[in-house]
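A.B. asks: Before I ask anything, let me first share the structure, which is written out below as structure tokens.
Chains as they are written, first to last, in the working numbering: chain F, 242 to 352; chain C, 813 to 923.
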């Protein structure tokens, strides 16, 4: 059972490039959606929540498509410091708080 | 500073020698959980706790125990560690908005 699926990558892009990640989820009752960033051997950290209307935070834009059950993350003007693994996270609902994590997409930004 | 702390950060031990990994949070969050992260498998939840004295199994609870005697602490206990429990372990809390905050991780090696 694959509840949250992501392309594992790696995505190798040059500095300044625009890169997009997609994530699909299987539970149509899912309530909340997030993108986390994880640097090598470090803890995951919340990058941004994903709202139904889409939201933007600087160079990062997140979109949610409930009908197709996918979430996307767009990174514009990539920096070397954006190199990390990006985890798609879904709250399946049910008020237990057991978030479901995708396995992550690895991004490597090269000079 | 709001944080989740774990100790120890690194541990090398031998099969069968009981160990405890401590987790503490200062954010007064009710929900706490433990994950393990292995290459290719992503984050998998071991146990979670929705409040003091309330704990429940996650996806991979075998070989682990937890306790939640007070809100801020949620130790993970391995009564008889085995080599297949070699992994990177994360403790985490959850905000009322379902945003998860992770500790820095404990890298455990069982020989």
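Using N, Cα and C, we set each Cβ at its ideal position, and we do this for glycine too.
For residue 267 of chain F, collect the residues of the same chain with a Cβ closer than 6 angstroms to its Cβ; drop the 5 residues on either side in sequence, then sort them by chain order.
C.D. replies: For the purposes of this step, residue 267 of chain F is identified with residue 26 of the first chain, where counting begins at 1. Result list for residue 267 of chain F: 244, in chain order.
A.B. asks: Using the Cβ count rule (16 or more neighbours within 10 Å means buried), how would you classify residue 343 of chain F?
C.D. replies: Working through the first chain from its first residue, we reach residue 343 of chain F at position 102. Buried is the call here.
A.B. asks: Is there a Cβ of chain C sitting closer than 9 angstroms to that of residue 332 of chain F, yes or no?
C.D. replies: For the purposes of this step, residue 332 of chain F is taken as the residue at position 91 of the first chain. Answer yes: the Cβ-Cβ gap between residue 332 of chain F and chain C drops below 9 angstroms somewhere.
A.B. asks: Under 9 angstroms between C-beta atoms, does residue 911 of chain C make it to chain F?
C.D. replies: The residue labelled residue 911 of chain C in the question sits at position 99 within the second chain. Closer than 9 angstroms: yes.
A.B. asks: Take every Cβ of the segment 905-923 of chain C, pair it with every Cβ of the segment 814-826 of chain C, and state whether three or more of those distances are shorter than 8 angstroms.
C.D. replies: yes
A.B. asks: For residue 846 of chain C, which residues of its own chain have a beta-carbon under 6 angstroms away from its beta-carbon, when the five flanking residues on both sides are left out?
C.D. replies: Translated into the one-based positions of the second chain, residue 846 of chain C becomes position 34. For residue 846 of chain C, where only same-chain residues beyond five positions count, the Cβ hits under 6 angstroms are 858, 859, 888, 903.
A.B. asks: Could you check which residue in C:895, C:833, C:883 has the C-alpha nearest to that of residue 842 of chain C?
C.D. replies: Sequence index remark: in the second chain, residue 842 of chain C carries index 30 (1-based). Looking at the Cα atoms, C:883 is the closest of the given residues.
A.B. asks: Quick one: what does DSSP say residue 414 of chain F is sitting in, helix, strand or coil?
C.D. replies: Since the displayed chain F opens at 242 and closes at 352, residue 414 of chain F lies outside it and no answer follows.
A.B. asks: Residues of chain C with CB under 8 angstroms from residue 340 of chain F, in chain order?
C.D. replies: Position 99 of the first chain, counted from the start, is the residue given in the question as residue 340 of chain F. Result: 906, 910, 912.
A.B. asks: Shorter than 9 angstroms from the beta carbon of residue 857 of chain C to some beta carbon of chain F?
C.D. replies: For the purposes of this step, residue 857 of chain C is taken as the residue at position 45 of the second chain. Chain F, which has a Cβ nearer than 9 angstroms to the Cβ of residue 857 of chain C, makes this yes.
A.B. asks: Going along chain C, which residues have a C-beta under 8 angstroms from residue 314 of chain F?
C.D. replies: As a first step, residue 314 of chain F is located in the first chain; it is residue number 73 there, counting from the start. Those within 8 angstroms of residue 314 of chain F in chain C number zero; the least Cβ separation is about 16 angstroms.
A.B. asks: Using three-state DSSP, classify residue 321 of chain F as helix, strand or coil.
C.D. replies: The count along the first chain starts at 1 and reaches residue 321 of chain F at position 80. The three-state secondary structure of residue 321 of chain F, taken from DSSP, is helix.
A.B. asks: For the segment 281-307 of chain F, list every residue whose C-beta sits within 8 angstroms of some C-beta in chain C, in sequence order.
C.D. replies: 282, 283, 284, 285, 286, 287, 290
A.B. asks: Quick one: what's residue 854 of chain C bridged to in DSSP?
C.D. replies: For the purposes of this step, residue 854 of chain C is taken as residue 42 along the second chain, with counting starting at 1. Residue 854 of chain C is bridged to C:850.
A.B. asks: Have a look at residue 913 of chain C and residue 826 of chain C and give me their C-alpha separation to the nearest angstrom.
C.D. replies: Counting from 1 along the second chain, the entry for residue 913 of chain C is found at position 101. Counting from 1 along the second chain, the entry for residue 826 of chain C is found at position 14. Between residue 913 of chain C and residue 826 of chain C, the C-alpha separation is close to 30 angstroms.
A.B. asks: For residue 840 of chain C, which residues from the same chain have a beta carbon less than 7 angstroms from its beta carbon, with the 5 sequence-adjacent residues on both sides left out?
C.D. replies: Within the second chain, numbered from 1, the residue matching residue 840 of chain C stands at position 28. Closer than 7 angstroms at the Cβ level, and outside the excluded window around residue 840 of chain C, lie 883.
A.B. asks: Can you give the beta carbon distance from residue 314 of chain F to residue 274 of chain F, rounded, assuming they're within the 8 angstroms contact cut?
C.D. replies: Numbered from 1 along the first chain, position 73 holds the residue referred to as residue 314 of chain F. Numbered from 1 along the first chain, position 33 holds the residue referred to as residue 274 of chain F. Actually they are not in contact, since the Cβ atoms of residue 314 of chain F and residue 274 of chain F sit about 10 angstroms apart, beyond 8 angstroms.
A.B. asks: Quick one: Cα of residue 271 of chain F to Cα of residue 910 of chain C, how far?
C.D. replies: The residue labelled residue 271 of chain F in the question sits at position 30 within the first chain. The residue labelled residue 910 of chain C in the question sits at position 98 within the second chain. Roughly 12 angstroms separates the two Cα atoms.
A.B. asks: Go to residue 822 of chain C, then tell me how far its beta strand (DSSP E) extends in each direction, as first and last residue.
C.D. replies: As a position in the second chain, residue 822 of chain C is number 10, starting the count at 1. Element bounds for residue 822 of chain C: 822-825.
A.B. asks: What's the gap between the Cα of residue 283 of chain F and the Cα of residue 907 of chain C?
C.D. replies: For the purposes of this step, residue 283 of chain F is identified with residue 42 of the first chain, where counting begins at 1. For the purposes of this step, residue 907 of chain C is identified with residue 95 of the second chain, where counting begins at 1. In a straight line, the C-alpha of residue 283 of chain F is about 20 angstroms away from that of residue 907 of chain C.
A.B. asks: With respect to the beta strand (DSSP E) encompassing residue 349 of chain F, which residues constitute its N-terminal and C-terminal limits?
C.D. replies: Working through the first chain from its first residue, we reach residue 349 of chain F at position 108. Membership of residue 349 of chain F in the beta strand (DSSP E) is indicated by the continuous run 346-351.
A.B. asks: Contact check, residue 341 of chain F vs residue 330 of chain F under 8 angstroms by CB: the rounded distance?
C.D. replies: Position 100 of the first chain holds residue 341 of chain F. Position 89 of the first chain holds residue 330 of chain F. Going by Cβ atoms, the distance from residue 341 of chain F to residue 330 of chain F rounds to 7 angstroms, so yes, they are a contact pair.
A.B. asks: Skipping 5 residues on each side, what residues in its chain have a beta carbon closer than 6 angstroms to that of residue 259 of chain F?
C.D. replies: As a working note, residue 259 of chain F is residue 18 in the first chain. Answer for residue 259 of chain F: 317, listed in chain order.
A.B. asks: How would you list, in chain order, the residues of chain F whose beta-carbon sits under 7 angstroms from the beta-carbon of residue 828 of chain C?
C.D. replies: Walking along the second chain from the start, residue 828 of chain C turns up at place 16. Result: empty, since nearest Cβ-Cβ is about 27 angstroms, beyond 7 angstroms.
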